[in-house]
Amino acid sequence: MKTPLLHFNQKGIYCKQADVYLDPWKPVKKAIISHGHADHSRWGHQQYITHHTNVPIIKHRLGDINVAGVDWGESFIVNGVKFSLHPAGHIIGSAQIRVEYKGEVWVFTGDYKLEDDGLATPYEVVKCHSFITECTFGLPAFKWQPQKEVFNEINTWWQQNKEEGNTSVLFGYSLGKAQRLLKHLDTSIGQIYTHAAIENMNEVVREIASLPETIRITKDTKKENLKGNMVLAPPSAHGSPWIRKMVPYVTASASGWMTFRGARRRRAIDKGFVLSDHCDWQSLFTTIKATGAEKIICTHGYTDIFSRFLCEQGYDARTEQTQFEEENAEQEKSASIKSASS
Amino acid sequence: MKQFATLIKTLDSTNKTTLKVNALTKYFEQAEPKDKVWTIAILSHRRPPRPVNTTLMREWASELAKIPLWLFEESYHIVGDLAETIALVIPPSEESSEKSLHQFLDEIIKLKKQPEEDKKAYLFENWLSLNYYERFVFTKLITGSFRIGVSQKLMTRALSKATQIDEDILAYKLMGNWEPVKTSFNRLILEENKSDYLSKPYPFYLAYAIENEPQDLGTVQEWAAEHKWDGIRAQVIIRESELFVWSRGEELVSDKYPEFESFTEVIPDGTVLDGEILPFPKGEIGTFKDLQTRIGRKNVSKKLLEKTPVILKAYDVLEWKGKDIRSRSFKERRQILENLYTKTQDLDIPLQLSETISFSNWEEAAKERERSREVKSEGLMLKRWDSPYLVGRKKGDWWKWKVDPLTIDAVLTYAMRGHGRRSNLFTDYTFGLWDKEKNELVTFAKAYSGLTDAEFRKVDAWIKRNILERFGPVRSVKPQHVFEIAFEGIAESKRHKSGVATRFPRILRWRQDKKIEDANTLEDLKALIP
Numbered sequence: 017m018k019t020p021l022l023h024f025n026q027k028g029i030y031c032k033q034a035d036v037y038l039d040p041w042k043p044v045k046k047a048i049i050s051h052g053h054a055d056h057s058r059w060g061h062q063q064y065i066t067h068h069t070n071v072p073i074i075k076h077r078l079g080d081i082n083v084a085g086v087d088w089g090e091s092f093i094v095n096g097v098k099f100s101l102h103p104a105g106h107i108i109g110s111a112q113i114r115v116e117y118k119g120e121v122w123v124f125t126g127d128y129k130l131e132d133d134g135l136a137t138p139y140e141v142v143k144c145h146s147f148i149t150e151c152t153f154g155l156p157a158f159k160w161q162p163q164k165e166v167f168n169e170i171n172t173w174w175q176q177n178k179e180e181g182n183t184s185v186l187f188g189y190s191l192g193k194a195q196r197l198l199k200h201l202d203t204s205i206g207q208i209y210t211h212a213a214i215e216n217m218n219e220v221v222r223e224i225a226s227l228p229e230t231i232r233i234t235k236d237t238k239k240e241n242l243k244g245n246m247v248l249a250p251p252s253a254h255g256s257p258w259i260r261k262m263v264p265y266v267t268a269s270a271s272g273w274m275t276f277r278g279a280r281r282r283r284a285i286d287k288g289f290v291l292s293d294h295c296d297w298q299s300l301f302t303t304i305k306a307t308g309a310e311k312i313i314c315t316h317g318y319t320d321i322f323s324r325f326l327c328e329q330g331y332d333a334r335t336e337q338t339q340f341e342e343e344n345a346e347q348e349k350s351a352s353i354k355s356a357s358s
Numbered sequence: 004m005k006q007f008a009t010l011i012k013t014l015d016s017t018n019k020t021t022l023k024v025n026a027l028t029k030y031f032e033q034a035e036p037k038d039k040v041w042t043i044a045i046l047s048h049r050r051p052p053r054p055v056n057t058t059l060m061r062e063w064a065s066e067l068a069k070i071p072l073w074l075f076e077e078s079y080h081i082v083g084d085l086a087e088t089i090a091l092v093i094p095p096s097e098e099s100s101e102k103s104l105h106q107f108l109d110e111i112i113k114l115k116k117q118p119e120e121d122k123k124a125y126l127f128e129n130w131l132s133l134n135y136y137e138r139f140v141f142t143k144l145i146t147g148s149f150r151i152g153v154s155q156k157l158m159t160r161a162l163s164k165a166t167q168i169d170e171d172i173l174a175y176k177l178m179g180n181w182e183p184v185k186t187s188f189n190r191l192i193l194e195e196n197k198s199d200y201l202s203k204p205y206p207f208y209l210a211y212a213i214e215n216e217p218q219d220l221g222t223v224q225e226w227a228a229e230h231k232w233d234g235i236r237a238q239v240i241i242r243e244s245e246l247f248v249w250s251r252g253e254e255l256v257s258d259k260y261p262e263f264e265s266f267t268e269v270i271p272d273g274t275v276l277d278g279e280i281l282p283f284p285k286g287e288i289g290t291f292k293d294l295q296t297r298i299g300r301k302n303v304s305k306k307l308l309e310k311t312p313v314i315l316k317a318y319d320v321l322e323w324k325g326k327d328i329r330s331r332s333f334k335e336r337r338q339i340l341e342n343l344y345t346k347t348q349d350l351d352i353p354l355q356l357s358e359t360i361s362f363s364n365w366e367e368a369a370k371e372r373e374r375s376r377e378v379k380s381e382g383l384m385l386k387r388w389d390s391p392y393l394v395g396r397k398k399g400d401w402w403k404w405k406v407d408p409l410t411i412d413a414v415l416t417y418a419m420r421g422h423g424r425r426s427n428l429f430t431d432y433t434f435g436l437w438d439k440e441k442n443e444l445v446t447f448a449k450a451y452s453g454l455t456d457a458e459f460r461k462v463d464a465w466i467k468r469n470i471l472e473r474f475g476p477v478r479s480v481k482p483q484h485v486f487e488i489a490f491e492g493i494a495e496s497k498r499h500k501s502g503v504a505t506r507f508p509r510i511l512r513w514r515q516d517k518k519i520e521d522a523n524t525l526e527d528l529k530a531l532i533p
């Protein structure tokens, strides 16, 4: 049997013909990177290729690396294999990776969502034969509301907290979620303060896109000034001594996991907003159908359940083990790595 | 329904007790009386009998959501709550119902007797026409209790704020077997109604576990000590020649223990005793396992009565000659109890006294505590001689001073996702011990508690990466982690693969310093059987 164009080995998703890895988790020679989250862009590769808006982000995180930026749809050929990047809509600079060889097309999604969040270049369907997809929220229990409704809820919550004399502390990942929240918060309600991990990332993102004005929280920040305002913090800040400065405050988390009542309750967060940078159940199907792919490989999330359902629907679907962190309400490891590196 | 759903949502979306009490108080001030009665009933676990079994509900929900049943089941294991899963997978609706809570409950009660297709039509109609949260609440009313961190105590506090009636009086009014369909808010809460009181128990006074050393409690002479019996806490009421036995779960269990019927001939009317129901086979205290043969039985056979009779080990008297004497000191109450016991001890009734023991110093008390397993108790109870009988769990006057549990080091072998606030987290564990001959791990206990949230998160993350096999919702995991498991008692059992049953097993600590080879063997466990 001939080796498939892309296969999974100990280091990552490998294209043997080109000797190129996609989002590898062990150090390799040449790596194409889908986006800047720590589980997809790791340290130690000799050469990185990524979308040019992701270049400053991974440089910020990984330091002085050998990285080349390419544009949307700009193809480059390695040993006869044609590679190109296409918008994934997950976070700013996030891409799907298209791989073509002798008329056979594979697409690896990285992480993705369909809704335009105002920062990431919106998702574009790429036709292919084989589709390697994430399915972080691949369960029928997940259904996203339009973000406009969620942001109305968030802004109403902020307004109400302000009226009651409380500071609003909103948790979201430093890269991606934090900037998306920032972009849609109603700045007529008050000022937006940020945790250092988020503000460091904001500075990088501001080179690429415009963001509303924020104030970095430092040891000199006065408690009185915070009152009634909004504080954006990474999830790892919850329960840390840092947060005591915000008293009196109420907390909220913005994540797809907030769909579950239990997820919010066990983290002792006052309020949960269901807002995700991944696909919900329905959008995963919509996308798979639109790509025209027959072969589906599920990489991370509820892979077994999702691929079993796909098989019942007549797809040739299977799962592959990867080392992409199951982004999870419980796991703030990647978030804390990010804050430590910034 | 809108009002009730809003209340549940508010209670569910805060962790602060004061906010919960405020929300409940506001509700009790504003809701219509019939709804209030039902709300009290639901929050004190008096929901109507389930009109539809959950198997049918799962089938119907998956049909309505247009997903296969296996996918619904998988989702349920991950969400961890049936009503929540149903509310999530059915297509969304924005509608809200004008029907009141009691109207819904009337319908749900009537539904029980209706044919299956009517039940299905009723559920479909409501599932499709209620918004997410109302749909969740509606389904919860059918499937089970609301676990939203509202204790009966907290509800009573709010009710007290709303009605200006003293909390302890309300707690008393809410005891016993009142039924929401047969009472009204006026009758249940506001009116004085003597005839209701015939069978009514007093709220139990419950003790906390001792926090520091007993020496910190002051001089030993201020304290009464007695053994802490391992049976069923119960109140026995004798009023107007009738007998009522209440368990601590507020269940009327008079029928289950017919041997107490003889009390009515000997103990004067207007007496309420607090004590422990204990198994008494062969004329001595048995094990909790003996008692279990009696607990589930409604109709007790003559044979069982002979094999496993029970006694009441009395430790307190709450009502005497028709008067509530809870405010008198423990010393005075004990005097009454002991006089009563002296008068009846030569008669053939299943009443014994839980003796108080005096000590001249705490060291003596500690020695007595060490003897607990020998006398089949769980440790000592310490009660201040001058203390009144309080309502509910209170600190200060009564303390539990239990013996240290038995412990053993076991290997984590299987895991399942938890429920409620642990949904989607692997928190329900099965543990194994070594079978030396076969060199394999044999399951001996399941445990769900004992780790901190942070530890559960760590173990969960590890499990998700180290699953070997799946059996429905259960996952076998790589044997790698050792945990110290504590339990209260141990007995031989034919029903368990290990041949041993443990009582109340829980995780004491995660032994990250130990390798699986260091875990204990089944023989080590069996050596602990008395």
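First to last, the protein sequences are chains A and B. So for the first sequence, the working numbering puts the first residue at 17; every next one is plus one. So for the second sequence, the working numbering puts the first residue at 4; every next one is plus one. Glycine included, every Cβ here is placed at the ideal spot set by N, Cα and C.
Out of the options, point me to the one whose CA is closest to residue i's CA.
i: Gly278(B); options: Asp258(B), Leu220(B), Arg251(B); result: Arg251(B)
i: Ile202(A); options: Thr230(A), Arg222(A), Tyr30(A); result: Correcting the residue identity first, residue 202(A) is Asp in this sequence and not Ile. Per the Cα distances, Thr230(A).
i: Leu114(B); options: Pro217(B), Pro54(B), Lys467(B); result: Pro54(B)
i: Arg473(B); options: His48(B), Glu77(B), Thr9(B), Pro71(B); result: Glu77(B)
i: Gly325(B); options: Lys467(B), Arg160(B), Ser202(B); result: Ser202(B)
Thinking C-beta only, is residue j closer than 9 Å to residue i?
i: Glu341(B); j: Leu354(B); result: no
i: Thr166(B); j: Ala86(B); result: no
i: Thr66(A); j: His316(A); result: no
i: Pro508(B); j: Phe459(B); result: no
i: Glu150(A); j: His51(A); result: no
i: Ile321(A); j: Ile312(A); result: no
For the beta strand (DSSP E) that contains residue i, what are its first and last residues?
i: His230(B); result: 226-232
i: Trp173(A); result: Note, Trp173(A): premise wrong, no beta strand (DSSP E); alpha helix (DSSP H) at 163-179.
i: Ala111(A); result: 111-117
i: Thr433(B); result: 429-438
Residue i: buried (16+ other C-beta within 10 angstroms of its C-beta) or exposed?
i: Thr21(B); result: exposed
i: Ile93(A); result: exposed
i: Pro162(A); result: exposed
i: Pro52(B); result: exposed
i: Glu140(A); result: exposed
i: Leu528(B); result: buried
i: Lys500(B); result: exposed
i: Phe340(A); result: buried
i: Asp121(B); result: exposed
i: Ala345(A); result: Confidence in Ala345(A) is poor, its pLDDT being 36 and thus under 50, which makes the residue's placement too unreliable to answer from.
i: Thr267(A); result: buried
i: Ile270(B); result: buried
Which first and last residues belong to the alpha helix (DSSP H) in which residue i is found?
i: Ala8(B); result: 5-15
i: Lys18(A); result: Taken as a continuous stretch (DSSP letters only), Lys18(A) belongs to no alpha helix (DSSP H), as it is neither H nor E.
i: Trp130(B); result: 119-132
i: Gly278(A); result: 277-282
i: Phe141(B); result: 135-146
i: Pro103(A); result: Note, Pro103(A): premise wrong, no alpha helix (DSSP H); beta strand (DSSP E) at 97-103.
i: Glu77(B); result: 72-82
i: Arg460(B); result: 456-468
Practice problem: Scan the segment 422-453 of chain B for residues whose Cβ lies nearer than 9 Å to a Cβ of chain A and list them as they occur along the chain. | Solution: His422, Gly423, Arg424, Arg425, Ser426, Asn427, Leu428
Quiz item: When you check each C-beta in the segment 309-334 of chain A against every C-beta of chain B, which residues fall closer than 9 Å?
Solution: Tyr318, Asp320, Ile321, Arg324, Phe325, Glu328
Self-check item: Near-chain A residues of the segment 223-234 of chain B (beta-carbon distance less than 8 Å), N- to C-terminal order
Solution: none
Quiz item: Along the segment 227-241 of chain A, what residues have a CB closer than 9 Å to any CB found in chain B?
Solution: none
Practice problem: Identify each residue in the segment 267-280 of chain A for which the Cβ-Cβ distance to at least one residue of chain B is less than 9 Å, and report them in chain order. | Solution: Trp273, Thr275, Phe276, Arg277, Gly278, Ala279, Arg280
Self-check item: Residues, ordered as in the chain, of the segment 145-171 of chain A that lie near chain B by beta-carbon distance below 9 Å
Solution: Leu155, Pro156, Ala157, Phe158, Lys159, Gln161
Exercise. Using a Cβ-Cβ cut-off of less than 7 Å, list which residues of the segment 85-101 of chain B approach chain A; keep chain order.
Key: Glu87, Thr88, Leu91, Val92, Pro95
Quiz prompt | Contact set between the segment 281-302 of chain A and chain B, restricted to residues whose Cβ is under 7 Å from the partner | solution = Arg281, Arg282, Ala284, Asp286, Lys287
Quiz item: Closer than 7 Å, Cβ to any Cβ of chain A: which residues of the segment 263-279 of chain B, in chain order?
Solution: none
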